[in-house]
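Enquirer: Chains as they are written, first to last, in our numbering: chain A, 299 to 477; chain B, -12 to 204.
Think of the CB as a built atom: it goes at the ideal place given N, C-alpha and C, for glycine as much as any other residue.
In this text the structure is predicted, and so the values were computed from the model without any measurement.
My questions all concern the structure below.
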Amino acid sequence: MARPGVRATDAKKINSELFTLTYGALVSQLLKDYENAEDVNRQLDRMGYNIGVRIIEDFLARTSTARCTDMRDTAEKIQSAFKMYLGVNPTVTSWSSASDEFSLLFDQNPMTEFVELPESCLSLKYCNLFCGIIRGACEMVQLEVTSWFVQDSLKGDPTTELRVKFVKKLEDAMPAGED
Amino acid sequence: MAIYSLYILSKSGGLIYQYDHTSIKVEVEKTFSYPLDIQLTEQNKRIVVAYGQKDGINVGHNLLAVNGTQLNGTSLEDGQEVMAFLANESNYPVSLKFGRPKLSTNEKIFLASMFYPLYAIASQLSPELKSSGIEVLEADTFKLHCFQTLTGIKFLIVAEPKQMNVEHLLRRVYELYADFALKNPFYSLEMPIRCEQFESNLQLLLEQQEKSGVNTV
Chain A
299 MARPGVRATD AKKINSELFT LTYGALVSQL LKDYENAEDV NRQLDRMGYN
349 IGVRIIEDFL ARTSTARCTD MRDTAEKIQS AFKMYLGVNP TVTSWSSASD
399 EFSLLFDQNP MTEFVELPES CLSLKYCNLF CGIIRGACEM VQLEVTSWFV
449 QDSLKGDPTT ELRVKFVKKL EDAMPAGED
Chain B
-12 MAIYSLYILS KSGGLIYQYD HTSIKVEVEK TFSYPLDIQL TEQNKRIVVA
38 YGQKDGINVG HNLLAVNGTQ LNGTSLEDGQ EVMAFLANES NYPVSLKFGR
88 PKLSTNEKIF LASMFYPLYA IASQLSPELK SSGIEVLEAD TFKLHCFQTL
138 TGIKFLIVAE PKQMNVEHLL RRVYELYADF ALKNPFYSLE MPIRCEQFES
188 NLQLLLEQQE KSGVNTV
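So this is what it looks like as structure tokens:
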């Protein structure tokens, strides 16, 4: 009998290069389709959102974590999710004084491993998918957040920094028995 | 040890998946002579035993077949009303089959959406703050276990009262849902789940669980 907490079917591990290249193919195809980098950013965010609303169930099912009570808790969980799905361990820093805003610093980012941005698309946010995923996933657990990139190593910054800001709790979307 | 059925309710309370695992079949066939010694009535377009319990035919059982042919609601295959047929002495002796009716899909949807407010009421009735809703509902013939995820989806399992480890099983079903329903790009959220892989993996899981349940007890 499978012991509680031990998965009979383990999460499958794949080579990150395959994932990186697939994502690269997606972004370059979007650039062809839209021509305008702003539109591509928007599309990536939308796709991320759609991924987020599904991936959250996977995360909850696998980790059986409890509901977050504050933003620090949320930050920790987002951090662990990055570890789980991308194998990277971003550092959580630069808390705002109200504890409602923080940054995720990525020393290395598997998504951008083989990427050099051409001059023509400097306004492209290559990893904008992340923003959408975080937004979608948090929304499903009744938390509205926004996130954006403040630094991007693809654009010559020393690290990649993703800022996450708490907007509000979605009280009316709370399932009964949880509020 | 038995797991009878599984229901998945969406966040808004709609039934998005239902699966009957083990169903106990209660069917009794018997030959009757005139006059019929049990009272039958018509209820919701079905013929129901109203009084007179005997030989495994219980009050509440439905008339399923007459002389080996299935009933079509309250009428026979040739369109004749059953009640009229049974009142006619020349049709005797007659063989009647009785049993517990299966829930129709509509009834299942109806029951599932009834559970939703019950769950909410339970959490509000609680004397303590921050109570969950109904987690276990117990009756003498079954136990209903409910697990609500943080995103509001409810997983219900109806099992035998003695069935162990149902909480763990519910979490495993959640994992299957995350894997095989949500990762299917053709599945849209909040819609009924029609994914073959989900169904077959679920079946496998329930069978395993039943076997292991026997071992541990």
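With A:Glu437 as the anchor, note down where its alpha helix (DSSP H) starts and where it stops.
Expert: Translated into positions along the first sequence, residue 437 of chain A becomes position 139. Run containing A:Glu437: 426 to 438, per the alpha helix (DSSP H) assignment.
Enquirer: Give me, in chain order, the residues of the same chain whose beta-carbon lies closer than 6 Å to that of B:Ala168; leave out the 5 immediate sequence neighbours on both sides.
Expert: In the second sequence, counting from the first residue as 1, residue 168 of chain B sits at position 181. Once the five neighbours on either side are set aside, the close Cβ partners of B:Ala168 are Tyr174, Ile180, Cys182, Phe185.
Enquirer: Would you mind telling me which residues of chain A sit closer than 9 Å to B:Ala37, beta carbon to beta carbon, in chain order?
Expert: Here residue 37 of chain B refers to the residue found at position 50 of the second sequence. Simply none; closest approach about 39 Å.
Enquirer: List, in order along the chain, the chain A residues whose C-beta lies closer than 8 Å to that of B:Lys(-2)?
Expert: One-based indexing of the second sequence puts residue -2 of chain B at position 11. Within 8 Å Cβ-Cβ: Pro473.
Enquirer: Output yes if chain B places a C-beta closer than 8 Å to the C-beta of A:Ile431; else output no.
Expert: The residue given as residue 431 of chain A occupies position 133 in the first sequence. It does not: the Cβ of A:Ile431 has no partner Cβ on chain B nearer than 8 Å.
Enquirer: Starting from A:Glu355, find everything on chain B with Cβ-Cβ shorter than 8 Å and list it in chain order.
Expert: Position 57 of the first sequence, counted from the first residue, corresponds to residue 355 of chain A. Correct list: Thr136, Thr138, Ile140, Tyr161, Tyr164, Ala165, Leu169.
Enquirer: Starting from the Cα of B:Ala207, find the closest Cα among B:Lys149, B:Val13, B:Lys117 and give me that residue.
Expert: Beyond the ends of chain B as shown, which are -12 and 204, falls residue 207 of chain B; an answer cannot be given.
Enquirer: Let me know if A:Val304 comes out buried or exposed under the rule of 16 or more other beta-carbons within 10 Å of its beta-carbon.
Expert: What you label residue 304 of chain A is simply residue 6 of the first sequence in a count that begins at 1. Confidence is the limiting factor: at A:Val304 the pLDDT is only 40, short of 50, which leaves the residue's position unreliable, though a coordinate-based value still follows. Answer is exposed; the Cβ neighbour count stays below 16.
Enquirer: With C-beta atoms as the reference, is A:Phe447 less than 8 Å away from A:Lys423?
Expert: Translated into the one-based positions of the first sequence, residue 447 of chain A becomes position 149. Translated into the one-based positions of the first sequence, residue 423 of chain A becomes position 125. Result yes, Cβ atoms of A:Phe447 and A:Lys423 sit closer than 8 Å.
Enquirer: Confirm, please, whether the CB-CB distance from B:Leu50 to B:Leu27 is below 8 Å.
Expert: The residue you call residue 27 of chain B lines up with position 40 of the second sequence. The residue you call residue 50 of chain B lines up with position 63 of the second sequence. Cβ distance < 8 Å, so B:Leu27 and B:Leu50 count as in contact.
Enquirer: What does the Cβ neighbour count give for B:Tyr161, buried or exposed, with the cut at 16 atoms within 10 Å?
Expert: Taking the second sequence and counting its residues from 1, the one referred to as residue 161 of chain B is at position 174. Burial call: buried.
Enquirer: Using three-state DSSP, classify B:His8 as helix, strand or coil.
Expert: Indexing the second sequence from 1 puts residue 8 of chain B at position 21. Reduced to three states, the DSSP call for B:His8 is coil.
Enquirer: Report the CB separation of B:Thr138 from A:Ile432 in whole angstroms; it is logged as a contact under 8 Å.
Expert: Mapped onto the second sequence, residue 138 of chain B falls at position 151. Mapped onto the first sequence, residue 432 of chain A falls at position 134. No, B:Thr138 and A:Ile432 are not in contact; Cβ-Cβ is about 15 Å, not under 8 Å.
Enquirer: Name the chain B residues that come within less than 9 Å of A:Ala373, Cβ to Cβ?
Expert: Start at 1 with the first residue of the first sequence, and residue 373 of chain A comes out as number 75. None at all; the shortest Cβ gap to chain B is about 17 Å.
Enquirer: Taking only beta-carbon atoms, is B:Leu176 less than 8 Å away from chain A?
Expert: Within the second sequence, the letter at position 189 stands for residue 176 of chain B. Yes, contact with chain A.
Enquirer: Where does B:Arg33 fall in DSSP's three states?
Expert: Working through the second sequence from its first residue, we reach residue 33 of chain B at position 46. Of the three classes helix, strand and coil, the one that applies to B:Arg33 here is strand, per DSSP.
Enquirer: Please classify A:Glu315 as buried or exposed, where buried requires at least 16 neighbouring CB atoms within 10 angstroms.
Expert: Walking along the first sequence from the start, residue 315 of chain A turns up at place 17. A:Glu315 comes out exposed.
Enquirer: Please list, in chain order, all residues of the same chain as B:Lys130 whose beta carbon is under 8 Å from its beta carbon, the five residues on each side excluded.
Expert: The sequence position of residue 130 of chain B within the second sequence is 143, counting from 1. The residues are Val123, Leu124, Val145, Ala146, Glu147, Pro148, Gln150, Val153.
Enquirer: Spell out whether any CB of chain A is found under 8 Å from the CB atom of B:Ala(-11).
Expert: Position 2 of the second sequence, counted from the start, is the residue given in the question as residue -11 of chain B. No, because no Cβ of chain A sits closer than 8 Å to the Cβ of B:Ala(-11).
Enquirer: Between B:Leu23, B:Thr92, B:His155, B:Gln190, which has its C-alpha nearest B:Ala71's C-alpha?
Expert: For this step, residue 71 of chain B is matched to residue 84 along the second sequence. Looking at the Cα atoms, B:Leu23 is the closest of the given residues.
Enquirer: So if DSSP puts A:Gln377 in a beta bridge, which residue, or which two residues, is it bridged to?
Expert: Position 79 of the first sequence, counted from the start, is the residue given in the question as residue 377 of chain A. Answer is none; A:Gln377 lacks a bridge partner.
Enquirer: At what residues does the beta strand (DSSP E) containing B:Gly254 begin and finish?
Expert: Coverage of chain B is limited to positions -12 through 204, which leaves residue 254 of chain B absent and any answer about it impossible.
Enquirer: Tell me, please, whether the stretch 108 to 121 of chain B touches the stretch 317 to 326 of chain A by the rule of three or more beta-carbon pairs shorter than 8 Å.
Expert: Output reads no: the stretch 317 to 326 of chain A does not touch the stretch 108 to 121 of chain B.
Enquirer: Going along chain B, which residues have a C-beta under 8 Å from A:Met382?
Expert: Against the first sequence, residue 382 of chain A aligns to sequence position 84. Under the 8 Å cutoff, chain B gives no residues; its nearest Cβ is about 13 Å from A:Met382.
Enquirer: Measuring straight from C-alpha to C-alpha, what distance separates A:Asp337 and A:Ser421?
Expert: Reading the first sequence from its first residue, position 39 is the one you call residue 337 of chain A. Reading the first sequence from its first residue, position 123 is the one you call residue 421 of chain A. If you take the alpha carbons of A:Asp337 and A:Ser421, they lie about 10 Å apart.
Enquirer: How is A:Thr391 classed by DSSP in three states: helix, strand or coil?
Expert: On the first sequence, position 93 is the one that residue 391 of chain A refers to. Of the three classes helix, strand and coil, the one that applies to A:Thr391 here is strand, per DSSP.
Enquirer: Against chain A, with Cβ distances strictly below 8 Å, would B:Arg181 count as a contact?
Expert: The residue given as residue 181 of chain B occupies position 194 in the second sequence. Not closer than 8 Å to any Cβ of chain A, the Cβ of B:Arg181 fails to qualify, so no.
Enquirer: Which same chain residues end up closer than 7 Å to A:Met299 when comparing Cβ atoms and leaving out the 5 residues on each side of it in sequence?
Expert: On the first sequence, residue 299 of chain A is found 1 positions in, with the first residue counted as 1. Residue placement at A:Met299 is flagged as unreliable, the pLDDT there being 35, under the threshold of 50; the coordinate-derived value follows with that caveat. Counting only Cβ-Cβ distances below 7 Å, and skipping sequence neighbours, we find nothing.
Enquirer: How many angstroms separate the CA atom of B:Glu75 from the CA atom of B:Glu14?
Expert: Residue 75 of chain B sits at position 88 when you count from the first residue of the second sequence. Residue 14 of chain B sits at position 27 when you count from the first residue of the second sequence. The amino acid at residue 75 of chain B is misidentified as Glu; the sequence shows Asn. Rounded to whole angstroms, B:Asn75 to B:Glu14 spans 25 Å at the Cα level.
Enquirer: Whose CA, out of B:Lys17, B:Ile(-10), B:Ser100, lies closest to the CA of B:Gly43?
Expert: The residue labelled residue 43 of chain B in the question sits at position 56 within the second sequence. Of B:Lys17, B:Ile(-10), B:Ser100, the residue nearest in Cα terms is B:Lys17.
Enquirer: Start and end of the alpha helix (DSSP H) containing A:Gly322?
Expert: What you label residue 322 of chain A is simply residue 24 of the first sequence in a count that begins at 1. Here the alpha helix (DSSP H) through A:Gly322 covers 314 to 332.
Enquirer: Please tell me whether B:Ile144 has its Cβ less than 8 Å away from any Cβ of chain A.
Expert: One-based indexing of the second sequence puts residue 144 of chain B at position 157. Cβ-Cβ to chain A under 8 Å: no for B:Ile144.
Enquirer: Cβ atoms of B:Leu143 and B:Tyr(-6): under 8 Å apart, would you say?
Expert: The residue you call residue -6 of chain B lines up with position 7 of the second sequence. The residue you call residue 143 of chain B lines up with position 156 of the second sequence. In contact: B:Tyr(-6) and B:Leu143 (Cβ atoms closer than 8 Å).
Enquirer: DSSP has A:Lys466 in a bridge; who is on the other side?
Expert: Position 168 of the first sequence, counting from 1, holds the residue named residue 466 of chain A. The partner list for A:Lys466 (beta bridge, DSSP) reads A:Glu442.
Enquirer: Taking its Cβ as the centre, do 16 or more other Cβ atoms sit within 10 Å of B:Ser77, making it buried, or is it exposed?
Expert: Looking up residue 77 of chain B in the second sequence gives position 90. By the neighbour-count rule (16 or more Cβ atoms within 10 Å), B:Ser77 is not buried but exposed.
Enquirer: DSSP beta-bridge partners for B:Ile(-10)?
Expert: Sequence index remark: in the second sequence, residue -10 of chain B carries index 3 (1-based). DSSP, once it has assigned bridges, lists B:Ala146 as partnering B:Ile(-10).
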